[in-house]
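Colleague: Just so we're aligned, residue 803 is where the sequence shown starts under my numbering, counting upward by one.
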Amino acid sequence: MAMIKCPEPECNNMVSDQAATCPKCGRPVRRIGVDRLRFEYEKRQRGIQALQTKIARLSRERQDMYDLDDKMLKSDNYTADAMNRSISISDEIQGIEEEISTAEAEMKQIQQALDAAEC
Ligand SMILES: [Zn+2]
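This is the structure we're talking about:
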């Protein structure tokens with residue numbers, strides 16, 4: 803159990819997060835579940851943005867590698883290294899894409915819970 807600030811802006815009373823209403827002003831405080839859900843939703847939203855940035859960076863890196871590769875085709879070692887690196891980048895991107903779809907699925911569930919809580 804935690805003490806939270808009463809959601810009534812002018813009240814400032816500290817209320818148990820288990821309480822249905824603030825004992826001082828009577829305002830319902832059991833919004834905590836909704837706030838928590840919103841927080842979790844936004845956390846995933848930010849997470850997805852960060853992952854998409856990472857994918858963009860990796861894709862650029864891979865593209866740069868292809869460009870360099872074209873110039874350095876004569877060096878067999880370089881090409882093999884670049885190929886290995888580009889395969890590992892592709893694996894990394896795939897892993898990130900899976901993380902994104904997991905987060906998206908969780909967001910969908912949270913949204914449903916929010917819809918149910920807010921009506
Ligand atoms: Zn209050």
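No residue lacks a Cβ here, since even glycine has one placed at the ideal position from N, Cα and C.
Could you please give me the residues that DSSP links to Met-816 through a beta bridge?
Modeller: Lys-807
Colleague: Can you give me the C-alpha to C-alpha distance between Arg-864 and Cys-827, rounded to a whole angstrom?
Modeller: One alpha carbon belongs to Arg-864, the other to Cys-827, and they sit about 60 Å apart.
Colleague: State the beta-bridge partners of Thr-823 as determined by DSSP.
Modeller: Pro-830
Colleague: Closer than 6 Å from C-beta to any heavy atom of ligand 1: which residues, in chain order?
Modeller: Cys-808, Glu-810, Cys-813, Asn-815, Cys-824, Lys-826, Cys-827 and Arg-829
Colleague: Can you check which of these residues, Pro-809, Ser-888, Met-885 and Thr-904, is closest to Arg-829 by C-alpha distance?
Modeller: Pro-809
Colleague: Can you give the beta carbon distance from Ile-912 to Glu-842, rounded, assuming they're within the 8 Å contact cut?
Modeller: Indeed they touch by this definition, with Cβ atoms about 6 Å apart.
Colleague: CB Met-909 to CB Gln-851, shorter than 9 Å?
Modeller: no
Colleague: State the Cα-Cα distance for the pair Leu-870 and Ala-884, rounded to the nearest angstrom.
Modeller: 9 Å
Colleague: Whose C-beta lies closer than 7 Å to the C-beta of Ile-891 among residues of the same chain, with five residues either side of it excluded?
Modeller: Leu-860, Glu-863 and Arg-864
Colleague: State yes or no: is the C-beta of Ala-915 within less than 9 Å of the C-beta of Leu-853?
Modeller: no
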